[in-house]
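K.L.:
Okay, here's the structure, questions in a sec.
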Amino acid sequence: MNILIIGSGAREHALAWTIRKNPAVGELFVAPGNAGTAGLAQNIRITATDIKTLAEAAQSLAIDLVVVGPENPLALGIADHLNSLGIPVFGPTKAAAQIEASKVFAKELMLKYGIPTARSETFASVEQARAYVKSQRPPVVVKADGLAAGKGVIIAQSREEALAALDDIMDKRAFGNAGDRVLIEECLSGREVSLLAFTDGDAVVPMVPACDYKRRDDDDMGPNTGGMGAYSPPGFFDDNMIKLVHDTVLQPTVRAMSSEGRPYKGVLYAGLMLTDQGPKVLEFNARFGDPETQVILPRLETDLVEIMLAVVSGNLGQIRIKWSAQSCVGVVLASGGYPGQYRTGFPIRGLDALPPEIAVFHAGTRQGQQPGAVLTDGGRVLTVVAKGNSVGEARSLVYKNLPAIEFEGCHYRKDIAARETV
Ligand code: AMP
Ligand code: GLY
138 MNILIIGSGA REHALAWTIR KNPAVGELFV APGNAGTAGL AQNIRITATD IKTLAEAAQS
198 LAIDLVVVGP ENPLALGIAD HLNSLGIPVF GPTKAAAQIE ASKVFAKELM LKYGIPTARS
258 ETFASVEQAR AYVKSQRPPV VVKADGLAAG KGVIIAQSRE EALAALDDIM DKRAFGNAGD
318 RVLIEECLSG REVSLLAFTD GDAVVPMVPA CDYKRRDDDD MGPNTGGMGA YSPPGFFDDN
378 MIKLVHDTVL QPTVRAMSSE GRPYKGVLYA GLMLTDQGPK VLEFNARFGD PETQVILPRL
438 ETDLVEIMLA VVSGNLGQIR IKWSAQSCVG VVLASGGYPG QYRTGFPIRG LDALPPEIAV
498 FHAGTRQGQQ PGAVLTDGGR VLTVVAKGNS VGEARSLVYK NLPAIEFEGC HYRKDIAARE
558 TV
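Rendered as structure tokens:
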């Protein structure tokens, strides 16, 4: 069986690493991949949004399954295009991926079907949005409707901040068309957790829960990033909570998507806030999370390819998915300056002397000229993951080994999973 993974982050490296465990997998390709995926698969130089070229490659390489990592190709309809060519694909159609690509769509769906979420108003007019902000007591949350690479959500502590966010999104078009409409939401408080599920459009099987860290600096300070670390499982989110979220969020959402004529297949990711009134949805994603995937997949004991094929063929209800009781902690090593301006091309040292309990998933890396040389090539460079018998053990292990990995400007948070272990 030949498989093509689309994307170039640590999530895609973790997918490749997990898929490689299946001996029936023959050729494995990643487009475009990174220096890490090059060690497990063949990288092909096609960007993740070049759907036409990706589909041609899938045909000429006799690909049996395409696995889509990031949201943009899904929102552009890669699954529809591949399906029309008869190529099996793990990931939702364009119509189904609207659950991530339009926050207005997701909000209306949740309202219509009684799925718990923050109260919110939608505006297409900046004047009306401004008037509404002036009538609200801060804090409020301002969200661009469309995809904005994780930057389209502003928690405004004051009216001025909310008005500035509206200017950026709707007037200055900081995120282009994604800012045609905005949502202005009540600000929820509580602990956050990500619960992802596999679904074939009917059966919905939650994965193990995880927490990610979006701010750059310790204690959740500094600017927002694509994610600076993650761990699984959070001790505060037990099996009863998983069942509650399955019953009140995940299953009803998948059913709702079917009712709306948008059957949903792939991974449904619920970003949740655990409020005093129970778990509420902050966002849905139509794919695996990054960096959550890097701490979830190492805990998977069932074959991932088997799960993906069951999702594609609508047989997910017939398999049992097992997870390791062990814990994982993952820390992202980033380039100096990230998420702002940063330089790339620095050699990364210390990757080959790590103990077996440590897995390194590459993101912004590329191969250097010398054999085995790896250079930085992006903002988030690596996710370093340790597995242990507890979150505390995994956390100690990962932080003990991180100093061995070096590149110029490297920075990382020191407090990933710290609250779990006090
Ligand atoms: P999202 O992309 O919608 O998940 O938002 C990014 C981050 O903003 C979330 O992970 C939360 O930390 C925060 N956030 C989003 N919506 C709200 C809300 N209604 N209240 C408080 N925080 C929120
Ligand atoms: N970890 C958040 C995301 O993947 O969108």
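In our numbering, each residue's number is its place in the sequence shown (first place is 1) plus 137.
Even glycine gets a Cβ: it sits at the ideal position worked out from N, Cα and C.
Pick out whichever of 402, 432 and 382 has its Cα sitting closest to the Cα of residue 415.
P.N.:
Answer by Cα proximity: 382.
K.L.:
Assign residue 193 to one of two classes, buried (16 or more other C-beta atoms within 10 Å of its C-beta) or exposed (fewer than that).
P.N.:
Classification of residue 193: exposed, given that the 10 Å Cβ count is below 16.
K.L.:
Which residue spans inside the stretch 274-318 form an unbroken alpha helix (DSSP H) run of at least 4?
P.N.:
Runs found: 296-303.
K.L.:
If you count every other CB in all the chains shown that lies within 10 Å of the CB of residue 297, and 16 or more means buried, which is it?
P.N.:
By the 10 Å Cβ count, residue 297 comes out exposed.
K.L.:
With a CB to CB cut of under 6 Å and the five nearest residues on each side skipped, what residues in its chain are close to residue 400?
P.N.:
Cβ neighbours of residue 400 beyond the five flanking positions: 338.
K.L.:
In the structure shown, what three-state DSSP assignment does residue 192 receive?
P.N.:
Of the three classes helix, strand and coil, the one that applies to residue 192 here is helix, per DSSP.
K.L.:
So is residue 369 buried or exposed if we call it buried at 16+ other beta carbons inside 10 Å?
P.N.:
With 16 or more other Cβ atoms within 10 Å, it is buried.
K.L.:
Tell me, to the nearest whole angstrom, how far the beta carbon of residue 211 is from that of residue 424; I am working on the premise that it is less than 8 Å.
P.N.:
So it is a contact: roughly 6 Å between Cβ atoms.
K.L.:
Kindly examine ligand 2 and report whether one of its heavy atoms sits closer than 7 Å to the Cβ of residue 422.
P.N.:
It does: the Cβ of residue 422 is within 7 Å (strictly closer) of some heavy atom of ligand 2.
K.L.:
Taking 8 Å as the threshold (C-beta atoms), are residue 482 and residue 513 in contact?
P.N.:
In this structure, residue 482 lies closer than 8 Å to residue 513 by Cβ.
K.L.:
Enumerated in chain order, which unbroken segments of the beta strand (DSSP E) with a length of 3 residues or greater are wholly contained in the stretch 413-479?
P.N.:
You should have 415-422 and 464-471.
K.L.:
Quick one: is the Cβ of residue 292 within less than 7 Å of any heavy atom of ligand 1?
P.N.:
Residue 292: yes, Cβ under 7 Å from ligand 1.
K.L.:
Grab me the residues of residue 263's own chain with a C-beta within less than 7 Å of its C-beta, minus the 5 sequence neighbours each way, in chain order.
P.N.:
Excluding residues within five positions, the ones whose Cβ falls inside 7 Å are 303, 307 and 308.
K.L.:
Report buried or exposed for residue 480, applying the criterion of at least 16 other Cβ atoms within 10 angstroms of its Cβ.
P.N.:
Exposed, since its Cβ has fewer than 16 Cβ neighbours within 10 Å.
K.L.:
Roughly how many angstroms lie between the CA atoms of residue 362 and residue 396, to the nearest whole one?
P.N.:
So the two alpha carbons sit approximately 35 Å from each other.
K.L.:
Does any heavy atom of ligand 2 sit closer than 7 Å to the C-beta of residue 427?
P.N.:
Yes, ligand 2 has a heavy atom inside 7 Å of this Cβ.
K.L.:
Just to confirm before moving on: does the CB-CB distance between residue 299 and residue 319 stay below 8 Å?
P.N.:
No, these two residues do not count as a Cβ contact at 8 Å.
K.L.:
Would you kindly report the start and end of the unbroken beta strand (DSSP E) that includes residue 169?
P.N.:
That run of the beta strand (DSSP E) goes 165-169.
K.L.:
Quick one: does the C-beta of residue 214 sit closer than 7 Å to a heavy atom of ligand 2?
P.N.:
Flag unset: Cβ of residue 214 not near ligand 2.
K.L.:
Beta carbon of residue 364: closer than 7 Å to some heavy atom of ligand 2?
P.N.:
Result yes, Cβ under 7 Å from ligand 2.
K.L.:
Between residue 393 and the rest of its own chain, which residues show a CB-CB distance below 8 Å, the 5 nearest in sequence each way excluded?
P.N.:
Same-chain partners within the cutoff: 246, 249, 250 and 252.
K.L.:
Would you mind sorting residue 377 into buried or exposed? The rule is 16 or more other CB atoms within 10 Å of its CB.
P.N.:
Under this definition residue 377 is an exposed residue.
K.L.:
What does DSSP give as the partner residues of residue 241 in its beta bridges?
P.N.:
Looking at the DSSP assignment, residue 241 forms no beta bridge with any residue, so it has no partner.
K.L.:
Is the distance from the Cβ of residue 553 to the Cβ of residue 468 below 8 Å?
P.N.:
In contact: residue 553 and residue 468 (Cβ atoms closer than 8 Å).
K.L.:
State buried or exposed for residue 332, treating a residue as buried only when at least 16 other CB atoms are found within 10 Å of its CB.
P.N.:
When all chains shown are included, residue 332 counts as buried.
K.L.:
Spatial neighbours of residue 177 within its chain, please: CB distance less than 7 Å, with the 5 preceding and 5 following residues excluded, ordered by chain position.
P.N.:
Excluding residues within five positions, the ones whose Cβ falls inside 7 Å are 153, 154, 157 and 165.
K.L.:
Given residue 527, which residues of its chain have a CB within under 7 Å of its CB, disregarding the five upstream and five downstream residues?
P.N.:
Same-chain partners within the cutoff: 464.
K.L.:
Whether or not the stretch 170-187 and the stretch 449-456 are in contact is what I'm after, with contact meaning three or more pairs of Cβ atoms, one per stretch, closer than 8 Å; do they touch?
P.N.:
Because the criterion of three Cβ pairs below 8 Å is not met, the stretch 449-456 and the stretch 170-187 do not touch.
K.L.:
Please report how far the alpha carbon of residue 488 lies from the alpha carbon of residue 498, in whole angstroms.
P.N.:
Rounded to the nearest angstrom, the two C-alpha atoms are 11 Å apart.
K.L.:
Determine the contact status of residue 436 and residue 341, defining contact as a CB-CB distance below 8 Å.
P.N.:
Contact flag unset, no.
K.L.:
At a cut of 8 Å, does the stretch 277-292 reach the stretch 311-328 through at least three beta carbon pairs?
P.N.:
Segments in contact, yes.
K.L.:
Residues in its own chain within less than 8 Å of residue 398 by CB, not counting five upstream and five downstream?
P.N.:
Answer for residue 398: 232, listed in chain order.
K.L.:
Compute every distance between the C-beta of residue 446 and the non-hydrogen atoms of ligand 1, then say whether any falls below 7 Å.
P.N.:
Checking every heavy atom of ligand 1 against the Cβ of residue 446, none is found closer than 7 Å.
K.L.:
For residue 122, count the other beta carbons within 10 Å of its own beta carbon; 16 or more makes it buried, fewer makes it exposed. Which is it?
P.N.:
One cannot answer for residue 122 here, as it falls past the ends of the chain, which runs 138 to 559.
K.L.:
Could you spell out the range, first to last residue, of the beta strand (DSSP E) harbouring residue 361?
P.N.:
Per DSSP, residue 361 belongs to the beta strand (DSSP E) from 358-369.
K.L.:
Assuming residue 383 is part of the alpha helix (DSSP H), what are its boundary residues?
P.N.:
Careful: residue 383 lies outside any alpha helix (DSSP H) and carries neither H nor E.
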